[in-house]
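Peer 1: So the sequence lines, in the order shown, correspond to chains Z and H. If you use the working numbering, the first sequence closes out at 378, no skipped numbers anywhere. If you use the working numbering, the second sequence closes out at 469, no skipped numbers anywhere. Even for Gly, the Cβ is constructed at its ideal location relative to N, Cα and C. Given the structure is predicted, the values throughout are model-derived calculations rather than measurements.
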Amino acid sequence: MSLKNFFIFFIFHLFFERFWCVFLLVRRGFASEKVKGGKLVQVRVDVDEDVVKNVRITGDFFLHPEEVLEEIEESLVGVGVFEQEETILERLKRVIKEREAILVGFSAEGLVRVFKEAVSSCLQSGE
Amino acid sequence: MFAKWRVVGLEVHDGFMNMAIDETVSEGASKRVSPPTIRFYRWKPSAVSIGCFQSLLDEVDVKKCKELGIDYVRRRTGGGAVYHDYNGEITYSVIAPESFFPKGITESYKVICGWVIEGLKLLGVEGYFQPVNDIIVEGKKISGNAQTRRGGVLLQHGTILYDLDLKTMFAVLRVGDEKISDKMIKSVEERVTRLLNHVNVNIKDVTKALIKAFTKGKNYEMKTWTKEELRRAKELVSLRYKTKEWNFSR
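Encoded structure:
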């Protein structure tokens, strides 16, 4: 690869890394909630063609065992943007029950609420 | 089964090593090669630790940390971001089989936080436990605590504020979009307190009181780490706690 081609590739790479969602029409959503006397829960989602493709949950809550958070995130991938809260809650509760997980400082209901809000936020923001 | 607790008196390590020692001893306790352990330590250089579910970039001004020579490290426990000032606090860890403590999360916090409260009492400071994980003195938080359970072992670590360097704390922790203002500093001062606000003691006396309180009624010996534990801890520093993959994982 010549130096010139390399630079073109490099600049394109940088651009793509940052703005890939523009190309793929993926919409990003974010929502957060601080439970009174409890903890902060933040949810980031990527939505593509009305389906949630990526979920990232962060915050200062506690969850035992900690690895379950990744499974919770995975369980929310594939959720349709118009899915009912109850259906999502059921999904979530199944994972929590299977793994005998304990949530401290937040609840499954609260998490679903923030998740739904994150999803709606990227619907409102358009493309 | 180990009959005796091991107590490791006030040590100084960097943040990565501090977190690696906690994990090493948890692993060891799970395999029954490490005794139930109580340890006290400080952080040098001063460091920020974040909860295992927090986003590092959301919580920490990484550039500012580098500028000030302050480390940052992700913990294995949940909870919030903490600025561990070398001169401003003492941290403890309790690592022992889960069976030593009540099954309920809050109940087990209450037991170990009770030891901290007992230590404060020996210094003449009245504190109380506020669920989930705080200790309060005169309406203000003086100690934050965090717990994890793995392989049948409970690890709880927590920090007792001795002094406050709010300026540095605000410089390295991201606290929303507001600029650091006197108002914000005042608001933290209304919510957080430190030992020096209540009693004139030095770190040595605080440690003494804490050791006395934590070991009350226990069969224990003052000891340090085994060679194998130190080897494993150093390994975990490079395999996990110093890596970008771990610290920036969220």
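Look up E246(H) in the DSSP assignment and say whether it is helix, strand or coil.
Peer 2: For the purposes of this step, residue 246(H) is taken as the residue at position 27 of the second sequence. Helix, per DSSP.
Peer 1: Are any of the Cβ atoms in chain Z nearer than 8 angstroms to that of R459(H)?
Peer 2: Taking the second sequence and counting its residues from 1, one reaches residue 459(H) at position 240. Output row for R459(H): interface = no.
Peer 1: Interface residues of chain H around V355(Z) at Cβ under 7 angstroms?
Peer 2: Against the first sequence, residue 355(Z) aligns to sequence position 104. The contacting residues are I324, V351.
Peer 1: I'd like to know if D396(H) contacts chain Z, where contact means its C-beta is closer than 8 angstroms to some C-beta of that chain.
Peer 2: Residue 396(H) sits at position 177 when you count from the first residue of the second sequence. Bear in mind that a pLDDT of 49 at D396(H), under 50, signals an unreliable position, so the number given afterwards is only what the model happens to contain. It does not: the Cβ of D396(H) has no partner Cβ on chain Z nearer than 8 angstroms.
Peer 1: Which value, in whole angstroms, describes the spacing of the CA atoms of S371(Z) and A359(Z)?
Peer 2: Along the first sequence, read from residue 1 onward, the residue named residue 371(Z) stands at position 120. Along the first sequence, read from residue 1 onward, the residue named residue 359(Z) stands at position 108. Rounded to whole angstroms, S371(Z) to A359(Z) spans 18 angstroms at the Cα level.
Peer 1: Under three-state DSSP, which class holds E464(H)?
Peer 2: The residue given as residue 464(H) occupies position 245 in the second sequence. The answer is helix: DSSP assigns E464(H) an H, G or I state.
Peer 1: With a CB to CB cut of under 8 angstroms and the five nearest residues on each side skipped, what residues in its chain are close to G346(H)?
Peer 2: Looking up residue 346(H) in the second sequence gives position 127. Around G346(H): V335, I336, L339, K340, I354, I355, V356, I361, S362.
Peer 1: Bridge partners for R410(H) per DSSP, in chain order?
Peer 2: The residue you call residue 410(H) lines up with position 191 of the second sequence. For R410(H), which the question treats as bridged, DSSP gives no partner whatsoever.
Peer 1: Is there at least one Cβ from chain Z nearer than 8 angstroms to C271(H)'s Cβ?
Peer 2: On the second sequence, position 52 is the one that residue 271(H) refers to. Chain Z, which has a Cβ nearer than 8 angstroms to the Cβ of C271(H), makes this yes.
Peer 1: Would you kindly work out how many angstroms separate the C-alpha atoms of I430(H) and K304(Z), rounded to a whole number?
Peer 2: In the second sequence, residue 430(H) corresponds to position 211, counting from 1. In the first sequence, residue 304(Z) corresponds to position 53, counting from 1. If you take the alpha carbons of I430(H) and K304(Z), they lie about 50 angstroms apart.
Peer 1: Got a sec: which bits of the region 295 to 311 of chain H sit with their beta carbon under 9 angstroms from any beta carbon on chain Z, in order along the chain?
Peer 2: Here the close residues are R295, T296, G297, G298, G299, A300.
Peer 1: Taking Q375(H) as the reference, which of R261(H), R225(H), E242(H), F235(H) has the closest Cα?
Peer 2: For the purposes of this step, residue 375(H) is identified with residue 156 of the second sequence, where counting begins at 1. The residue with the shortest Cα to Cα distance from Q375(H) is E242(H).
Peer 1: Within the same chain, show all residues whose beta-carbon is closer than 7 angstroms to that of E308(H), passing over the 5 residues directly before and after it, in chain order.
Peer 2: Position 89 of the second sequence, counting from 1, holds the residue named residue 308(H). The answer, listed in chain order, is T378, I379, L380, Y381.
Peer 1: What residues in the region 367 to 395 of chain H bring their beta carbon closer than 9 angstroms to a beta carbon of chain Z?
Peer 2: Listed by position along the chain: T367, R368, R369.
Peer 1: Beta-carbon of R307(Z) versus every beta-carbon of chain H: anything under 8 angstroms?
Peer 2: Within the first sequence, the letter at position 56 stands for residue 307(Z). True, the Cβ-Cβ gap to chain H drops below 8 angstroms.
Peer 1: For N237(H), does the three-state DSSP call read helix, strand or coil?
Peer 2: Here the question's residue 237(H) lines up with position 18 in the second sequence. Helix.
Peer 1: Rounded to the nearest angstrom, what separates V425(H) and M441(H) at their Cα positions?
Peer 2: As a first step, residue 425(H) is located in the second sequence; it is residue number 206 there, counting from the start. As a first step, residue 441(H) is located in the second sequence; it is residue number 222 there, counting from the start. Between V425(H) and M441(H), the C-alpha separation is close to 17 angstroms.
Peer 1: Would you mind telling me which residues of chain H sit closer than 7 angstroms to F312(Z), beta carbon to beta carbon, in chain order?
Peer 2: Here residue 312(Z) corresponds to residue number 61 of the first sequence, with the count starting at 1. What F312(Z) touches in chain H: F272, G297.
Peer 1: May I ask you to list, following chain order, the residues of the region 248 to 278 of chain H that have a beta carbon less than 7 angstroms from some beta carbon of chain Z?
Peer 2: From the region 248 to 278 of chain H, only G270, C271, F272, Q273, S274, D277 have a Cβ closer than 7 angstroms to chain Z.
Peer 1: According to a CB-to-CB cut-off of less than 7 angstroms, which residues of the region 332 to 355 of chain Z neighbour chain H?
Peer 2: For the region 332 to 355 of chain Z, which is checked against every Cβ of chain H, the residues closer than 7 angstroms are I353, V355.
Peer 1: Would you tell me roughly how many angstroms separate the C-alpha atoms of E324(Z) and V330(Z), rounded to the nearest one?
Peer 2: Translated into the one-based positions of the first sequence, residue 324(Z) becomes position 73. Translated into the one-based positions of the first sequence, residue 330(Z) becomes position 79. Near 11 angstroms, if we compare the C-alpha coordinates of V330(Z) and E324(Z).
Peer 1: What's the call for G298(H), buried or exposed, on a 16-neighbour Cβ count within 10 Å?
Peer 2: To locate residue 298(H), count along the second sequence from 1; it is residue 79. Flag for G298(H) reads buried.
Peer 1: Would the beta-carbon of R364(Z) fall within 8 angstroms of that of E300(Z)?
Peer 2: Within the first sequence, the letter at position 113 stands for residue 364(Z). Within the first sequence, the letter at position 49 stands for residue 300(Z). Not closer than 8 angstroms, so no.
Peer 1: Look at the alpha carbon of N466(H) and the alpha carbon of F389(H), and state the distance between them as a whole number of angstroms.
Peer 2: Residue mapping note: residue 466(H) aligns to position 247 of the second sequence, counting from 1. Residue mapping note: residue 389(H) aligns to position 170 of the second sequence, counting from 1. Looking at the two C-alpha atoms, the distance is approximately 20 angstroms.
Peer 1: Write down the C-beta distance between V328(Z) and V292(Z) rounded to the nearest angstrom, noting that I regard them as a contact closer than 8 angstroms.
Peer 2: Position 77 of the first sequence, counting from 1, holds the residue named residue 328(Z). Position 41 of the first sequence, counting from 1, holds the residue named residue 292(Z). That pair is no contact at about 18 angstroms.
Peer 1: Out of C332(H), R410(H), D233(H), L342(H), point me to the one whose CA is closest to N352(H)'s CA.
Peer 2: By 1-based counting over the second sequence, the position of residue 352(H) is 133. Of the listed residues, the one whose Cα sits closest to N352(H) is C332(H).
Peer 1: Would the beta-carbon of F235(H) fall within 8 angstroms of that of D290(H)?
Peer 2: Taking the second sequence and counting its residues from 1, one reaches residue 235(H) at position 16. Taking the second sequence and counting its residues from 1, one reaches residue 290(H) at position 71. For F235(H) and D290(H), yes; Cβs fall inside 8 angstroms.
Peer 1: Less than 8 angstroms between CB atoms is the rule here; does L327(Z) satisfy it with respect to chain H?
Peer 2: As a working note, residue 327(Z) is residue 76 in the first sequence. It does not; no Cβ of chain H falls within 8 angstroms.
Peer 1: Under 8 angstroms between C-beta atoms, does R469(H) make it to chain Z?
Peer 2: Position 250 of the second sequence, counted from the start, is the residue given in the question as residue 469(H). Output row for R469(H): interface = yes.
Peer 1: F272(H) and R469(H): beta carbons closer than 8 angstroms?
Peer 2: Along the second sequence, read from residue 1 onward, the residue named residue 272(H) stands at position 53. Along the second sequence, read from residue 1 onward, the residue named residue 469(H) stands at position 250. Their beta carbons are under 8 angstroms apart, which means F272(H) touches R469(H) by this criterion.
Peer 1: Using 8 angstroms for Cβ pairs, my map puts V372(H) next to S274(H). What's the rounded Cβ distance?
Peer 2: Locating residue 372(H) in the second sequence gives position 153, counting from the first residue. Locating residue 274(H) in the second sequence gives position 55, counting from the first residue. With 8 angstroms as the limit, V372(H) and S274(H) do not qualify as a contact, their Cβ atoms being about 27 angstroms apart.
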